[in-house]
Amino acid sequence: MTKKAKVTTATLRAMKGAQQRISALTAYDFTFASLLDEAGVDVVLVGDSVATVVQGRDTTVPVTMDQMVYHCELVGRAVQRALVVGDLPFLSYQVSAEDALRNAGRLLKEGLAEAVKLEGGAEFAPTVARLVTAGIPVMGHIGLTPQSIHQFGSYRARGQDAAERARIVADARALEAAGAFAMVLEKVPSDLGHEVAAAVAIPVIGIGAGPLVDGQVLVTHDMLGLFTRFRPRFVRRYRELGQEIGAAVRQYCQDVQQGSFPNADESY
Ligand code: KIV
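Position in the sequence shown counted from 1, then plus 883, gives you the working numbering.
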């Protein structure tokens, strides 16, 4: 079997140049990460969405640095081809650039990530530059930034008026100038997604940013129908695995109750 070429930050940039769209999905453990990698996804993001879809929390705010390192390491051990990006959780990079460097370094050294992601635009450009100077590839995240939920008070789409649109385009340019290799653009009108992707040479990976960006990312538990507590319009459910699991577990319980599991072949 031929080994597929490893995806690097340079691969993603070349994909944008060749107008090849980038696919990204989240994973938080070895099994899911292996499945996504074997299926050919380009980027595996160990997102702080682990807080909502794995830990059962209401927001991404509470997830800790230690927890992110733990989940990154589970994913990092599984992935052979995709680029592994670890999310910097709330307050792991906002206090100071030194803090950001130490914590981003942990995601690479202990968590086996190959790049980090942080939320924020122009205001975090000096932090991005600091990490990049130290050899840590950084993916930005602009538009809707879920770690700031308590400041904004809602998950409404961003970039709805001229001032906010201009700020988002300026944020994208600032991240590129600071050395980010790519950025996530979340929940903005499609025409703004297009404008941002055209404004920068680095890949813009959308989530709810329409089709005219350089790639797409979704939370795996959302697109597989495993997490159904809420469903943003931008989520396409490719399977209903939550229902599949429910049916399998009900069948198992019935088989145990009726004594039909295990059978002779399943016994010693
Ligand atoms: O945490 C996450 O999963 C993310 C994606 C939604 C982009 O940031």
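Idealized CB from N, CA, C, for every residue including glycine. Since we're looking at a predicted model, the values are computed, not measured.
Flag residue i as yes when its Cβ comes closer than 7 Å to any non-hydrogen atom of ligand 1, and as no otherwise.
| i | result |
| --- | --- |
| GLY1062 | no |
| ILE1090 | yes |
| VAL1102 | yes |
| HIS954 | no |
| THR942 | no |
| LEU928 | yes |
| ASP925 | no |
| SER906 | no |
| HIS1024 | yes |
| ASP970 | yes |
| MET1067 | The identity of residue 1067 in the sequence shown is Val, whereas the question assumes Met. Indeed, a heavy atom of ligand 1 lies less than 7 Å from the Cβ. |
| SER932 | yes |
| THR947 | no |
| THR909 | yes |
What are the partner residues of residue i, as DSSP defines its beta bridges?
| i | result |
| --- | --- |
| GLY1003 | HIS1024 |
| MET1066 | GLY1023 and VAL1087 |
| LEU966 | VAL926 |
| ALA998 | VAL968 |
| GLN1099 | SER906 and GLY1089 |
Throw me the rounded Cβ distance for the residue i and residue j pair, which I believe falls under 8 Å.
| i | j | result |
| --- | --- | --- |
| VAL968 | ALA922 | With 8 Å as the limit, VAL968 and ALA922 do not qualify as a contact, their Cβ atoms being about 17 Å apart. |
| ALA965 | SER917 | That belief does not hold up - the Cβ atoms of ALA965 and SER917 are roughly 11 Å apart, past 8 Å. |
| ALA1057 | ALA980 | Wrong, their Cβ atoms sit about 15 Å apart, outside the cutoff. |
| ALA1061 | VAL1011 | 4 Å |
| LEU984 | VAL952 | With 8 Å as the limit, LEU984 and VAL952 do not qualify as a contact, their Cβ atoms being about 15 Å apart. |
| VAL944 | ILE1032 | 7 Å |
| ALA998 | THR892 | 6 Å |
| MET1022 | ALA1065 | 5 Å |
| GLY1115 | GLY1093 | The residue asked about is misnamed: residue 1115 is Pro in this sequence, not Gly. In fact, because the Cβ distance is near 14 Å, the residues do not count as touching under 8 Å. |
| PRO972 | ASP941 | Going by Cβ atoms, the distance from PRO972 to ASP941 rounds to 15 Å, so no, they are not a contact pair. |
| GLN1030 | GLU1002 | 5 Å |
Could you pull out every residue in the same chain whose Cβ sits closer than 7 Å to the Cβ of residue i, ignoring the five residues on either side in sequence?
| i | result |
| --- | --- |
| MET1080 | A small fix is needed here, since residue 1080 is Ala in this sequence, not Met. Excluding residues within five positions, the ones whose Cβ falls inside 7 Å are VAL1087, LEU1095, VAL1096 and ASP1097. |
| THR1111 | GLY1125 |
| ALA910 | ALA916, LEU919, VAL927, VAL929, VAL958 and THR1103 |
| VAL937 | TYR911 |
| MET1106 | VAL1118, ARG1119, ARG1120 and TYR1121 |
If you drop the 5 nearest sequence neighbours on each side, which residues of the same chain put their C-beta closer than 8 Å to that of residue i?
| i | result |
| --- | --- |
| ILE1051 | GLY1004, ILE1025, GLY1026, ARG1041, GLY1042, LEU1068, VAL1071, LEU1075 and VAL1079 |
| MET898 | ARG904, ILE905, ASP925, PRO1086, ASP1097 and GLY1098 |
| VAL890 | ASP925, VAL926, ARG964, ALA965 and LEU966 |
| ASP1138 | PHE1144 |
| ALA1008 | ALA1057, LEU1058, ALA1060 and ALA1061 |
| ALA888 | THR894 and ARG964 |
| THR947 | PRO972 |
Apart from the five residues just before and just after residue i, which ones in its own chain have a Cβ nearer than 6 Å to its Cβ?
| i | result |
| --- | --- |
| GLU1059 | VAL1083 and ILE1085 |
| GLU993 | VAL952 |
| ASP912 | LEU957 |
| LYS1000 | VAL968, ASP970, MET1022 and HIS1024 |
For a cutoff of 8 Å on Cβ pairs, would you count residue i as touching chain C?
| i | result |
| --- | --- |
| ARG1056 | Of the chains in the structure shown, none is chain C; there is only one protein chain. |
Notebook entry, point to check: Fully enclosed by the region 889 to 946, which beta strand (DSSP E) runs are 3 residues long or longer?
Noted result: 905 to 909 and 926 to 929
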